[in-house]
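The structure appears right after this line, and notes come after that.
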Amino acid sequence: MRFMDEYRDGAAAEQYAIALARITTRPWTLMEVCGGQTHAIVKFGVDALLPPEVTLVHGPGCPVCVTPLELIEKAIEIAARPDVIFCSFGDMLRVPGTATDLLSVKARGGDVRIVYSPLDAVDLARANPSKQVVFFAVGFETTAPANAMAVFQAARAGIENFSVLMSHVLVPPAMEAILSSSECRVQGFLAAGHVCAVMGYTEYEPIVEKYKVPVVVTGFEPLDILQGVYMCVRQLEEGRADVENQYTRAVRREGNTPARDLVSRVFQVVPRKWRGVGEIPQSGLGLAEAYREFDAEERFGVADQTTDEPAECESGRIMQGLIKPPDCAAFGTRCTPEHPLGATMVSSEGACAAYYRYRRLGFVDAMAGAGSGASTGVGVGARVGARAEVPVGG
Amino acid sequence: MCLAVPGRILSIEGDDPVLRAGRVDFAGIVKRVNLSYVPEASVGDYVLVHVGFAISTVDEAEARQVFAYLKEMGDLAEIEEVPS
Ligand code: SF4
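Chains A and W, in that order, give the protein sequences. If you read the first sequence in the numbering used here, its first letter stands for residue 119, the second for the next number, and so on. If you read the second sequence in the numbering used here, its first letter stands for residue 9, the second for the next number, and so on.
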């Protein structure tokens with residue numbers, strides 16, 4: 119696929135690896151913020167191409183993983199109602215609540231549907247006027263324009279039987295929460311390219327200023343990630359901390375202005391709980407006053423419910439870059455994708471699921487095929503991306 | 009979840025800016041995509057699509073920079089290695 123396959127070129131990856139090894143003189147710990155990047159790193163073995171001094175830790179950037187238990191419980195309660203068609207992106211269905219999940223609600227006869235786009239849920243509401251159609255609006259800034267448009271169109275068309283269960287989270291406040299922790303190990307960030315495609319990257323300028331950590335806006339293909347790591351390490355080695363943009367083919371400094379405009383019209387910034395982490399101030403999006411009638415929590419009277427998180431799952435520490443998935447005692451034993459204890463084992467972009475899928479047997483996949491080991495000690499196949507998928511969804 | 013996939017716009021319809029949509033080709037798979045956030049995009053352009061919405065146009069000129077950067081680094085390394 120154009121604009122994907124060429125960024126999986128093994129020879130270019132090897133050259134990046136060599137260049138990176140050449141400039142690295144000291145240990146550095148970088149965090150890739152987005153779960154999509156975590157997935158690509160583990161799948162293509164990008165981390166195996168890095169010099170031993172450079173460690174990547176996996177960030178909180180999977181909206182499925184950070185949706186608090188409390189909201190899962192609310193979703194389950196609403197979805198079980200006989201008058202409701204509950205719509206969600208597929209990944210949310212298996213996220214464990216306290217006692218059950220959305221998939222089990224569906225198995226017991228609840229009308230739970232997987233949609234590709236939030237506009238599909240608006241269409242369902244239009245087609246089923248006697249039902250209440252609820253959309254589980256999860257996501258980061260990348261997804262906010264789509265979800266804002268769904269609410270905006272429903273309002274404009276006067277569709278009263280549509281509402282959204284809002285679980286939107288914002289990236290920069292989470293980065294600040296990680297940086298201000300006394301345990302923080304992160305010395306540089308690969309910022310999430312698609313979040314920045316929407317938001318631009320001016321928001322990172324004060325963070326870089328305050329914490330003196332480089333931030334490199336980075337894409338999702340192996341070469342993007344390698345270049346992002348290179349740019350970040352080069353800043354660290356030179357003692358600089360700037361915002362740089364690796365993903366110039368998709369990200370402009372100001373982001374996507376029409377998208378940002380609609381998001382700020384339909385949504386407003388609110389405090390949000392993150393699963394495994396706790397509440398982070400100003401870290402989420404809720405509906406703006408003018409669109410409050412579309413709030414499913416209020417419509418179904420669940421706004422005041424709270425639920426405490428279980429202690430066993432370590433996903434909160436993983437998402438803050440403090441430990442890696444195999445460090446969790448439950449990993450691969452009591453916790454597997456079939457029987458997940460935490461959301462990071464469910465979502466295909468969750469760090470635990472990525473490690474379970476590609477690393478459980480201790481091998482490094484795709485990128486690190488057989489071949490002549492360069493200075494990295496890892497051979498690179500002629501063309502990485504053996505399992506190029508054609509994912510057209512979110 | 010924040011995955012966005014590049015595809016090529018085949019056609020555009022809709023006069024209402026909010027309902028602007030089009031058919032987008034993802035290496036043979038054609039989907040209907042909302043294009044209201046990429047008013048500058050026209051037929052033939054590549055857009056990044058996320059949950060049915062184009063969120064950005066792919067800048068063809070910038071698309072080569074990953075490789076250009078690599079070449080630049082190689083050239084620099086050669087210059088540095090030349091004994092003075
Ligand atoms: S392995 Fe399971 S229990 Fe452990 S942190 Fe990951 S999701 Fe949580």
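Beta carbons: idealized from backbone N, C-alpha and C, even for Gly.
Interface partners of residue i on chain A, CB under 8 Å
i        : result
Ser44(W) : Met267, Pro376
Ala49(W) : Within chain A, no residue comes near Ala49(W); the closest Cβ sits about 11 Å away, beyond 8 Å.
Leu56(W) : His312, Ala315, Ala368
Ile17(W) : Under the 8 Å cutoff, chain A gives no residues; its nearest Cβ is about 13 Å from Ile17(W).
CA nearest to the CA of residue i, picked from the options
i         : options                                    : result
Leu168(A) : Ile343(A), Val269(A), Thr218(A)            : Ile343(A)
Asp23(W)  : Ala35(W), Asn42(W), Val13(W), Val38(W)     : Asn42(W)
Met463(A) : Ile398(A), Ala273(A), Ser433(A), Ala129(A) : Ser433(A)
Glu80(W)  : Ala137(A), Val160(A), Glu456(A)            : Ala137(A)
Phe207(A) : Ala295(A), Ala406(A), Val282(A), His176(A) : Val282(A)
Arg303(A) : Gln133(A), Arg352(A), Lys330(A), Gly439(A) : Gly439(A)
Gly177(A) : Met149(A), Gly163(A), Ala166(A)            : Met149(A)
Gly227(A) : Ala198(A), Met284(A), Asp238(A)            : Ala198(A)
Ala309(A) : Val256(A), Ala273(A), Val369(A)            : Val369(A)
Arg274(A) : Cys446(A), Phe121(A), Ala408(A)            : Ala408(A)
Ala12(W)  : Thr451(A), Gly257(A), Glu427(A)            : Gly257(A)
Thr425(A) : Arg212(A), Thr216(A), Arg126(A)            : Thr216(A)
Gly373(A) : Val313(A), Gly468(A), Pro443(A)            : Val313(A)
Buried or exposed by the 16-neighbour rule on C-beta atoms within 10 Å, applied to residue i
i         : result
Gly489(A) : Note that Gly489(A) scores a pLDDT of 34, beneath 50, so its modelled location is shaky; the value from the coordinates is reported in the next line. Classification for Gly489(A): exposed.
Ser64(W)  : buried
Ser298(A) : exposed
Ala130(A) : buried
Asn363(A) : buried
Thr156(A) : buried
Gly357(A) : exposed
Ile436(A) : buried
Ile196(A) : buried
Val51(W)  : exposed
Arg378(A) : buried
Arg367(A) : buried
Asn246(A) : exposed
Ala69(W)  : exposed
Ser493(A) : Legend: pLDDT at Ser493(A) = 34, less than 50; position of this residue unreliable, no value from coordinates given.
Ser19(W)  : exposed
Supposed contact pair residue j and residue i - C-beta distance, whole angstroms, cut 8 Å
i         : j         : result
Asp229(A) : Phe204(A) : 7 Å
Arg16(W)  : Val32(W)  : 7 Å
Ala243(A) : Asn279(A) : 5 Å
Contact set between residue i and chain W, taken where Cβ atoms lie within less than 8 Å
i         : result
Asp342(A) : Val74
Phe121(A) : Pro14, Tyr54, Val66, Ala71
Thr185(A) : The premise fails here: Thr185(A) is roughly 10 Å from chain W at the closest Cβ pair, so nothing lies under 8 Å.
Val137(A) : In the sequence as displayed, the identity of residue 137(A) is Ala instead of Val. Within 8 Å Cβ-Cβ: Leu78, Met81, Gly82, Ala85.
Chain-ordered neighbours of residue i on chain A, where CB pairs are closer than 7 Å
i        : result
Leu78(W) : Ala130, Gln133, Tyr134
Gly60(W) : Tyr234, Ser235, Leu237, Ala264
Partners in chain W for residue i, counting only beta-carbon separations shorter than 9 Å
i         : result
Thr173(A) : Within chain W, no residue comes near Thr173(A); the closest Cβ sits about 22 Å away, beyond 9 Å.
Gln271(A) : Val26, Leu27
Contact set between residue i and chain W, taken where Cβ atoms lie within less than 7 Å
i         : result
Gln345(A) : Val74, Tyr77
Short CB-CB distance (under 7 Å) between residue i and chain D
i        : result
Ile63(W) : Of the protein chains in the structure, A and W, none is chain D.
| Shell residues, 5 Å Cβ cut-off relative to heavy atoms of ligand 1 | Qualifying residues come out as Cys431(A), Glu432(A), Ser433(A), Cys446(A), Ala448(A), Phe449(A), Cys453(A), Leu459(A), Gly460(A), Thr462(A), Met463(A), Cys470(A).
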